[in-house]
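Enquirer:
Protein chains: 2
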Amino acid sequence: MRRATIIDIALALGVTPSTVSRALAGNSRVSLTTRQKVLNKAAELGYQPNVVASSLRKGTSDTIGMLVPRINRNFFSHVISAVEEVLNPAGFNLLICQSHERLIKERQAIQVLLKNRVAGIIMSHSIETTDFEHIIQATRQRVPVVQFDRVNKLIPGPRIVNDNFTGAHLAVKHLIRNGYNRIAHLTGSMAVNVYQERLNGYKYAIDEAGLVFEPSMVIENAITRETGFEEALKLIAKNKVDAFFCAGDFSATGAIQAIQHSGLKVPTDIGVVGFANEPFAEIIAPKLSTVEQNAYDMGIRAAKSMIKVIADNNSGDGIEEIVPVRLLVRESSVK
Amino acid sequence: MRRATIIDIALALGVTPSTVSRALAGNSRVSLTTRQKVLNKAAELGYQPNVVASSLRKGTSDTIGMLVPRINRNFFSHVISAVEEVLNPAGFNLLICQSHERLIKERQAIQVLLKNRVAGIIMSHSIETTDFEHIIQATRQRVPVVQFDRVNKLIPGPRIVNDNFTGAHLAVKHLIRNGYNRIAHLTGSMAVNVYQERLNGYKYAIDEAGLVFEPSMVIENAITRETGFEEALKLIAKNKVDAFFCAGDFSATGAIQAIQHSGLKVPTDIGVVGFANEPFAEIIAPKLSTVEQNAYDMGIRAAKSMIKVIADNNSGDGIEEIVPVRLLVRESSVK
DNA sequence: TACAAAAATACAAACGTTTGCACAAAAAAC
DNA sequence: GTTTTTTGTGCAAACGTTTGTATTTTTGTA
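Put into structure tokens, the structure is as follows:
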């Protein structure tokens, strides 16, 4: 059963393909009567537009490429979901790739998206990425790039970021107000804006309270539950910390386990605040105080930004949209 | 900066586009020397194949459509991730849609995928879907459909399912062995194969142990944490249950909270086993015993199955692949 | 009734590939 | 040295749309 084309409709109606095309597109140059005839015949033949042909002719597609480190990470899957929710009603589809946090895979993915002539790319770069040439290349081909979460200013186009600084500031201030004053910070790689900004927020809060910033209290690359557990264990042993501000909920969970493993109590002996509000944060015991990162909001904004950039033909260069965060105070940080 | 095409390469080299096309495709009909020249020139011009044009000409694309109820559900995001991991190296891309558990959106999504001339569709249908005509329509157009998790036999093509029956059987048998004998079952909609099979496994285990099956102990549409909490509360109040087998970890969490809310203890007074092994299952207190549902494995199999079906030109009709499950015994079900 | 303006439709080229067939040149076979 | 086979290229059409321009038809006006 060959699929019906515009030509089949044209032939059946004794008009030309161009008229059918315009009729289907709702072009005002075709009369209402023929448009109706075309629509009827299209329905009758079960016509399904061939967007591949359409894209080729128009030189652009209705597909937006999405590139994230890992599809199955809670944060990213929520962003993707939100992006889809906005883009789909707007007539766009989502072509999704993951970099697995590898630069090589990220490069390949960009090529795949460009080969597919996507109308734009929404992305968050891998943790390995320090050279952004492959991404800039896309913008040079006039394929707009909207970055979110992990972003870099070298790449033209809008950026949607969390208010990481404020989130960290709020979290640490909250710990200090609650009587903690030897606060360690478990974080990720300083090559990523996200962790840099959280560290800055941490430092600012420490300064602001008149406490002394101790570099030995900041541990980089401790972002998983396992590394969080290990590093927290060491810090407890030698640095007499009385609180942890963790740049992620996973390391925060590790820290809690390390504290309990050391025979101490959360929050009485040591307080903990995480970052991200992962779904388990309010299920674990004690319930984890954390900075809510609104993945959904971020996805909505990224998608809307993309639609705008496409509509305005590559505007929005360098605009940075900051998504507000909230500190969720639960049990792990209040004595 | 216009993008280089095959014609540009041909012109620069004084050969025809057809030769360039064949050279790039590695066709043996073109000599090694010209192929090398073509490849060099392609690199020099920064040539990126236009897969849109290629797809139009070939009549099929390298894009696989993926349709799930919700991208951001842990299970689905893991399946998607695994599918991507297999499909990408095989040269396929993923076009992703979500149905939001709505039949209307599912229908639209299928149309979108067909319009995009995807080479196949990997999907799990919405909870509302009882009429499968829109999906069968795809197969009629020779677009292969591979179903996973929530599947229906009316739809031609392979199906990848969990061993829900065995999982439920193991879980309930385990509860019985551990001294529980008034076991309630919180589950989802009976319109979905997944929950039907789990109920069957539950019944079988009850029968097998010589216990009496009580319909009042089975609560449908109690699959979220909230409904799990409410229904568990009611059952505890009037049915003197001593265990819950829940068809999902969310309702299991709700049940645990209801038990604790009623002043009882897990697992001493009431045992709980969930289903899915959500990430929080081993973080909550008490750690949740659950049936591991290997989303990753399922995704790998679905993707491989799709590749095979495409390669063999729509074979594999009606083949059902059953993914083994494991019972993870933790704290919530052992007195 | 004639003529201009407006509306509706037709024509044809283009988007960038792929591929069956034709053809020439080189290599192999006789 | 002729014929056959092999190897390498070229030619041209096709995939299904879209769209600028040309043409026809309709409508309005004098």
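Residue numbers (my numbering), protein chains in the order written: chain A, 1 to 335; chain B, 1 to 335.
C-beta atoms are modelled at their ideal positions from N, C-alpha and C, and glycine is treated no differently.
Just so it is clear, the structure is predicted and the values come from calculations on it, not from any experiment.
Helix, strand or coil, according to DSSP, for A:H78 in the structure here?
Expert: helix
Enquirer: What residue does the alpha helix (DSSP H) around B:E231 start on, and which one ends it?
Expert: R225 to N239
Enquirer: Looking at the secondary structure, which residues open and close the alpha helix (DSSP H) in which A:R342 lies?
Expert: The structure shown does not extend to residue 342 of chain A, since chain A is modelled only from 1 to 335, so the question has no answer here.
Enquirer: For B:G65, report the span of its alpha helix (DSSP H) as first-last.
Expert: Taken as a continuous stretch (DSSP letters only), B:G65 belongs to no alpha helix (DSSP H), being part of the beta strand (DSSP E) at T63 to V68.
Enquirer: Examine chain A for any beta-carbon lying closer than 8 angstroms to the beta-carbon of B:K115, and answer yes or no.
Expert: yes
Enquirer: Have a look at A:K304, A:E321, A:K58 and A:S18 and flag the residue whose alpha-carbon is nearest the alpha-carbon of A:V118.
Expert: A:K58
Enquirer: For the stretch 161-171 of chain B against the stretch 130-139 of chain B, do three or more pairs of beta-carbon atoms, one drawn from each stretch, fall closer than 8 angstroms, so that the two count as touching?
Expert: no
Enquirer: Give every residue of the same chain whose Cβ lies closer than 8 angstroms to the Cβ of A:S61, excluding the five residues on either side of it in the sequence, and list them in chain order.
Expert: Setting aside the 5 residues that flank it on each side, A:S61 is surrounded in the same chain by V51, S55, N116, R117, V118 and A119, each with a C-beta closer than 8 angstroms to its C-beta; the list follows chain order.
Enquirer: Mind checking if B:A53 is an interface residue toward chain A, Cβ cutoff 8 angstroms exclusive?
Expert: yes
Enquirer: Looking only at its own chain, which residues have a Cβ that is under 8 angstroms from the Cβ of A:M217, when we skip the five neighbours before and after it?
Expert: R182, I183, A184, H185, L235, N239 and V241, listed in sequence order.
Enquirer: In angstroms with no decimal places, state the Cα-to-Cα distance between B:S189 and A:V151.
Expert: 42 angstroms
Enquirer: Using 8 angstroms for Cβ pairs, my map puts B:I127 next to B:E101. What's the rounded Cβ distance?
Expert: Indeed they touch by this definition, with Cβ atoms about 5 angstroms apart.
Enquirer: Relative to the C-alpha of B:A302, which candidate in B:Y195, B:I80, B:T253 and B:T19 has its C-alpha closest?
Expert: That would be B:I80, whose Cα lies nearest to the Cα of B:A302.
Enquirer: With a cut-off of 8 angstroms, does the C-beta of B:A323 fall near any C-beta of chain A?
Expert: The question names Ala, but residue 323 of chain B in the sequence shown is Val. No, because no Cβ of chain A sits closer than 8 angstroms to the Cβ of B:V323.
Enquirer: Could you check the C-alpha separation between B:Q156 and B:G318 for me, to the nearest Å?
Expert: A small fix is needed here, since residue 156 of chain B is Pro in this sequence, not Gln. Approximately 6 angstroms, taken between the alpha carbons.
Enquirer: Among B:P89, B:M306, B:L11 and B:L327, whose alpha-carbon lies nearest the alpha-carbon of B:D249?
Expert: B:L327
Enquirer: Identify the continuous alpha helix (DSSP H) that holds B:N164 and give its terminal residues.
Expert: N164 to R177
Enquirer: Kindly indicate which residue of A:A168, A:T224 and A:V192 has the alpha-carbon position closest to the one of A:P324.
Expert: A:A168
Enquirer: Quick one: Cα of A:E320 to Cα of A:P158, how far?
Expert: 6 angstroms
Enquirer: Comparing the C-beta of B:E84 with each C-beta of chain A, is any distance below 8 angstroms?
Expert: With its beta carbon less than 8 angstroms from one in chain A, B:E84 belongs to the interface.
Enquirer: For a contact meaning CB atoms closer than 8 angstroms, what does A:N294 contact in chain B?
Expert: Simply none; closest approach about 13 angstroms.
Enquirer: Counting only C-beta atoms, is B:A25 closer than 8 angstroms to chain A at any point?
Expert: Residue-level contact check: B:A25 does not touch chain A, since none of the beta carbons of chain A fall below 8 angstroms from its beta carbon.
Enquirer: If you reduce the DSSP assignment to three classes, tell me which class A:H261 lands in.
Expert: helix
Enquirer: In whole angstroms, give me the CA-to-CA distance for A:A222 and A:H78.
Expert: Roughly 23 angstroms between the two C-alpha positions.
Enquirer: May I ask you to report which of helix, strand or coil DSSP gives B:T341?
Expert: In the structure as shown, chain B begins at 1 and stops at 335. Residue 341 of chain B is therefore absent and cannot be evaluated.
Enquirer: Report yes if the C-beta distance between B:F245 and B:Y202 is below 8 angstroms; otherwise report no.
Expert: yes
Enquirer: Mind listing the chain B neighbours of A:H261? Cutoff is C-beta to C-beta under 7 angstroms, in chain order.
Expert: Per Cβ cutoff of 7 angstroms: no residues; A:H261 is ~15 angstroms from chain B at best.
Enquirer: If you follow the beta strand (DSSP E) that A:N93 is in, where does it begin and where does it stop?
Expert: N93 to Q98
Enquirer: Quick one: list the residues of chain B neighbouring A:P215, beta-carbon separation under 8 angstroms, in chain order.
Expert: The premise fails here: A:P215 is roughly 31 angstroms from chain B at the closest Cβ pair, so nothing lies under 8 angstroms.
Enquirer: Note the first and the last residue of the continuous beta strand (DSSP E) segment covering B:S18.
Expert: Segment P17 to A25 is the alpha helix (DSSP H) holding B:S18; no beta strand (DSSP E) there.
Enquirer: Does any residue of chain B have a CB that is nearer than 8 angstroms to the CB of A:F280?
Expert: yes
Enquirer: Do you know how far the Cα of A:T33 is from the Cα of A:P17?
Expert: So the alpha carbons of these two residues sit roughly 16 angstroms apart.
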